[in-house]
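With this note's numbering, letter number 22 in the sequence shown gets 22, and the count goes up by one each step, no holes. We treat Cβ as the ideally placed atom computed from N, Cα and C, and that holds for glycine. The structure presented is a predicted model; accordingly, all values stated were derived computationally and were not measured. Here the structure is laid out as structure tokens; the discussion comes afterwards.
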Amino acid sequence: MHDDGVAAMREPTYLILVALGAGERHGYGITQDVADLSEGAVKLGAGTLYGALDRLVDEGLVTATRTETVDGRLRRYYALTEQGGTAVRAETRHRLSVARTAAAQLGIAGGMA
């Protein structure tokens, strides 16, 4: 829980929302963005990704925008909702605050190593 009483986001959820913050993406694009954002630490399988996207749609943070067929395969696109954008920005501010405090406590000059 954050100080404001809002539950902290799990890392995969946060990274999915950050990936969608750059604009509409299809599932494979989200997976690639999450891997890039996490420097390869988070690799989402299809089941995990689509389960998370279904949950985020149900929570009103993400919306399915369109589908298209590419090389005989269905490709579904997703985008952040206004509520999703607000949530991921709040989580990012929280994570930045924690990182700044941690850097100061650990004596990391300028907050970065």
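For Leu-44, the three-state secondary structure derived from DSSP is coil.
If you draw a straight line from the Cα of Gly-27 to the Cα of Ser-97, it is about 30 Å long.
In this structure Leu-37 is in contact with Leu-15, their Cβ atoms being roughly 5 Å apart against a cut-off of 8 Å.
Our two residues, Gln-83 and Thr-13, have alpha carbons roughly 14 Å apart in a direct line. Using a 10 angstroms sphere on the CB of Ala-87, the tally of other CB atoms reaches 16 or more, which defines it as buried.
Ala-19 counts as buried, since no fewer than 16 other beta carbons sit within 10 angstroms of its beta carbon.
Taking C-beta separations shorter than 6 Å and ignoring five residues to either side along the sequence, the partners of Glu-91 in its chain run Met-9, Tyr-14, following chain order. The straight-line gap separating the alpha-carbon atoms of Leu-53 and Arg-76 is approximately 11 Å. Secondary structure of Ala-79 (DSSP, three-state): strand. When rounded, the separation of the alpha-carbon atoms in Thr-81 and Thr-63 is 6 Å. DSSP links Glu-68 through a beta bridge to Arg-75.
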